[in-house]
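Protein chains in written order, with our numbering: chain Z, 733 to 1044; chain E, 4 to 475.
Built from N, CA and C at the ideal position, the CB exists for glycine as well.
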Amino acid sequence: MSRVAVLKGGRSLERQVSLRSGARVEDALDRLGHDPVGIDVGADLVDRLRESRPDVAFVALHGRDGEDGTVQELLDTLAIPYTGSRVSACIRAADKVLAKHAMRDREVPTPEFFAFSETAFNELGAAQALPAIQERLGFPIVVKPASQGSALGIKFARTSASVPAALLAAFSYDRKVLLERHVDGRDLAVSIIADGASPRALPIVEAVPVQDEFYDFEARYEFGRTKFSCPAQLPEATAREAIRIALSVFELLGLAGFARVDLMFDDKRDELYALEADVVPGLTDTSLLPQAADAAGIGFDELVQRILDAAV
Amino acid sequence: MKAGAEDGSALRRPPPAKAAAPRPARTATHEIERYGSLFAQRTTVMNSSAMRDLMALTERPEVISLAGGLPDTSTFPPDSYAALMGTVAARACARALQYGPTEGLEAIKDCVREVMAAEGMNIDRGEVLVTSGGQQVIDLVCKTLLDPGDVVVCEAPTYPGAVPTFCSYQAEVVHVAMDDDGMRIDELEQTLARLEGAGRRPKFIYTVPNFHNPAGVTLSGARRHELVRIASEREVLVLEDNPYGMLRYEGPSFPALRSLSEEFVIYAGTFSKILSPGVRLGWAAAPGPVLEKMNIGKQASDLCSSSISQYFVCAYFEAGPWQQYVHSLIEMYRRRRDAMLDALAEHLPHEAYWTHPRGGLFIWVTLPDYIDTTDLLARALEERVAFVPGRAAFVDGRGGSSMRLNFSGVDQEQIREGIRRLGEVIGEQVRLYGTLTGAERVGSRPARAGRAAFPQTGELARILHLPRKHTE
């Protein structure tokens, strides 16, 4: 039996999602016979951690502070073991621009992109480069903040006239944004657990939005908004390739414990692309990782135990 | 599915009894699908979790929230509260703890009549249905009148809290534009004629005539007469939602719609803004047959509203003149409104427009159409200030560049600081858009001077025709 600090909430935009993930983890830990201490992360986090003296911390935070290495750095400082990836891997994965550069450097397929900071536009006249970028990427262009999860702030610009407003929206979430070539295809998620010797991929989940344009925030967290298929119905070679790509992303970003890699499958061209890696994937009722685990015969409690076992 | 208590650690539920059979923790794909297939059709139009989750952040203690619709309950004397509860305990303990009649206690109906009289209406006890807040009136009216696909006409924008109600009854909602004098009657007539041409007749017209939530405007006296005339001619009901009528800071008072026609007006009142939203008590006054159906609807919903609350309100009305507290609120809110109007004039870029409410709790701000206020909220939260994105006040996706600001929930200093932060964030976006479109040269003057670069566009005009108010 361990005393486990379940870190949840915080002031990230995904606070509510994190509270749901955290509550489920606490319930599972209760059932597993551990001693969970839920902590809604705030200014008193260090005090709360010192006071509760946990054996280990379960990081159930999503988004800013929780997935970008901030909380992990703090836990390192306090010498508290924690679940999931280490600081440097979190920094690499949470910043989509860094992650995509790393993928491109290692020739892992990822949609072509250009990234800019607010400064580039304000101080360096980057707007002058937009026409060339539009020509290169073609429409629609996906515009997203570099560091936001749950598809918040993602816009599709369909004409060059709508690019500035899309950029403006993305800059509401982060000081750095990226413009990405749109891949028309199927949303796949490969969940990975690394509690043993080598990371292992779970069955692929495909998310098919029922009515929405793409797999957005609503579709992610509301029952009935998305149809899931697990294992995804894919040609065998495609499934194998998707897993190979996901595992190489896991490895090249230096991830640990567990993670989820999102991919797009352009079935007309038979091409796979990695979009991003999530170092603290959602653990809510509608989240993909728990579904994938379930399809592999790993119930939620066992999943939580395995993630905990891999904590260092 | 919610996580329950915001901070589970402080009020943690007891651990499950070890003897109990372990609950299955399965979240298999097919289970999610199975629930999905069980949901009623109407749940698919009940949005939106993104907005809901963002709004949850606005309640964080470090955020200056101009997002709530909250009256300030902090000035209600705790001693009075204790004394009133003491009175309830001494006089009506058993009855307060008991179920009551669906239509409400007789005694509270006298309180309702007093408030109605202050609003210029005389009603009988038999015309009143006591409800759980004004919100329940909206729900009961929908429940009583709407079949899926029925048309409801409302203002553009409309009360954000009514949107999920309309949607959950699968109404087809048609917005009618407003201006500084409230709902535009010419537009209403055109809308009704267009609907009639298509063989449709709305079941009711929903309106907040006084100090509109969220638009902040008031329906003019002349338009009230016209609206009532149209309703009787076409035999369409009007739901007059009047939570803010008593909170008037300036300008003339206009007759309630129900005072002009009892035949076609359903009136929704509430104790939330003149006493406390926590008592969750409101009322409906409606034509007899409608009220009867609403009563049956209420039986099905909750049998009766809280007896404890009703006795509390009765004791409050008995203890002294209830208008005194309302006057103190009016003084406080007027100062806060003025502080917000001044701060808006000082801090918002020239491209922004806003309304000048003569009462109520809200100001409606419209920004250039390239700014999406839902995204802007994320940025504003970073600066620890919050508002309600305008899209919440429409069913058709409009309102994307507008926002609702509340001035009653926080003090003047916080209002000024909140608007300053908001102005900074908006100014930043206006400047950035300038550089993105090349409308302004890199590193040039601040937004306030950049007005000519951003002419109004059609989208803005479609949202709300309101002249900018100059308070200086």
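Please return the same chain residues whose Cβ sits closer than 7 Å to the Cβ of residue i, not counting the five positions on each side in sequence.
i, result
"E:E62", "S68"
"E:G71", "N409 and G412"
"Z:R890", "F871 and P872"
"Z:V757", "V738, F790, A792, L1015 and V1036"
"Z:D691", "The structure shown has nothing for residue 691 of chain Z, since chain Z only spans 733 to 1044."
"E:E109", "R128"
Report back the beta-carbon spacing between residue i and residue j to the nearest angstrom; my notes put them in contact at under 8 Å.
i, j, result
"E:S310", "E:R283", "12 Å between Cβ atoms; not a contact."
"E:G363", "E:F214", "3 Å"
"Z:L934", "E:L439", "41 Å between Cβ atoms; not a contact."
"E:Y314", "E:V91", "5 Å"
"Z:A1027", "Z:P931", "That belief does not hold up - the Cβ atoms of Z:A1027 and Z:P931 are roughly 17 Å apart, past 8 Å."
"E:R423", "E:A348", "Actually they do not touch by this definition, with Cβ atoms about 12 Å apart."
"E:N245", "E:A234", "E:N245 to E:A234, Cβ: 16 Å. No contact."
"Z:L745", "E:A381", "6 Å"
Do residue j and residue i have their beta-carbon atoms positioned less than 9 Å apart in this structure?
i, j, result
"E:T369", "E:P392", "no"
"E:F169", "E:V176", "yes"
"Z:G885", "Z:M996", "no"
"Z:V829", "Z:A878", "yes"
"E:D378", "Z:V749", "no"
"Z:R824", "Z:I924", "no"
"E:C157", "E:T210", "yes"
"E:M3", "E:G272", "This structure gives no information on residue 3 of chain E, because the portion of chain E shown stretches from 4 to 475."
"Z:D998", "Z:V915", "yes"
"Z:G742", "Z:G774", "yes"
"E:R226", "E:I188", "yes"
"E:P280", "E:G136", "yes"
"E:A218", "E:F365", "yes"
"Z:L1021", "Z:F990", "yes"
"E:P74", "E:L332", "yes"
Does residue i come out as helix, strand or coil in the three-state DSSP assignment?
i, result
"E:H178", "strand"
"E:S40", "helix"
"E:T30", "Confidence at E:T30 is low in this model, with a pLDDT of 45, below 50, so the placement of that residue should be treated as unreliable; the coordinate-derived value is given next. Reduced to three states, the DSSP call for E:T30 is coil."
"Z:D772", "strand"
"E:G152", "coil"
"Z:L761", "helix"
"E:V388", "strand"
"E:C157", "strand"
"E:E295", "helix"
"E:A59", "helix"
"Z:R1001", "coil"
"Z:N854", "helix"
"Z:G928", "coil"
"E:S77", "coil"
"E:R454", "Model confidence at E:R454 stands at a pLDDT of 31, short of 50, so the residue's coordinates are unreliable and nothing is read from them."
"E:Y356", "strand"
"Z:S784", "helix"
"E:S171", "helix"
"Z:T913", "Here residue 913 of chain Z is Arg; the residue named in the question, Thr, does not match the sequence. Residue state, collapsed to three classes: strand."
"E:L240", "strand"
"E:I141", "helix"
Spatial neighbours of residue i within its chain, please: C-beta separation below 8 Å, excluding the five flanking residues on both sides.
i, result
"E:Q101", "S310"
"Z:R838", "S980 and L984"
"Z:P841", "M835, I977, E1003, L1004, Y1005 and A1006"
"Z:Y905", "L745, P877, S879, Q880, L884 and G885"
Just to confirm my understanding: we take residue i, look at its own chain, exclude 5 residues before and 5 after, and list those with CB closer than 6 Å. What are they?
i, result
"E:Q432", "I374"
"E:R454", "The pLDDT assigned to E:R454 is 31, lower than 50, so where the model puts this residue is not dependable, and the model offers no usable value."
"E:G2", "As displayed, chain E neither begins before 4 nor continues past 475, which places residue 2 of chain E out of reach and without an answer."
"E:P449", "Bear in mind that the predicted position of E:P449 carries a pLDDT of just 38, short of 50, making it too unreliable to give a figure here."
"Z:E912", "P843, F845 and V874"
Are the C-beta of residue i and some C-beta of chain B separated by less than 9 Å?
i, result
"Z:L884", "The chain labelled as chain B is not found among the protein chains of the depicted structure, namely Z and E."
Near-chain Z residues of the stretch 367-381 of chain E (beta-carbon distance less than 9 Å), N- to C-terminal order: D372, Y373, I374, D375, T377, D378, L379, L380 and A381
By the 7 Å beta-carbon criterion, what residues does the stretch 62-90 of chain E contribute toward chain Z? R63
Identify each residue in the stretch 891-904 of chain Z for which the Cβ-Cβ distance to at least one residue of chain E is less than 7 Å, and report them in chain order. P896, A897, L899, L900, A901, F903 and S904
Return the residues of the stretch 425-446 of chain E that lie within a Cβ-Cβ distance of less than 7 Å from chain Z, sorted by chain order. Q432, L435, Y436, T438, L439, T440, G441, V445 and G446
Taking beta-carbon pairs under 8 Å, can you tell me which members of the stretch 739-752 of chain Z lie near chain E? K740, G741, R743, L745, E746, R747, Q748, V749, L751 and R752
Could you name the residues of the stretch 840-870 of chain Z whose beta carbon sits closer than 9 Å to any beta carbon of chain E, in the order they occur along the chain? E850, F853, N854, E855, L856, G857, A858, A859, Q860 and L862
Give, in chain order, every residue of the stretch 914-927 of chain Z whose Cβ lies closer than 8 Å to some Cβ of chain E. none
Closer than 7 Å, Cβ to any Cβ of chain E: which residues of the stretch 1005-1039 of chain Z, in chain order? D1017, T1018, P1022, Q1023, D1026, A1027, G1031, F1032 and D1033
Under 9 Å (Cβ pairs) to chain Z, residues found in the stretch 201-215 of chain E: none
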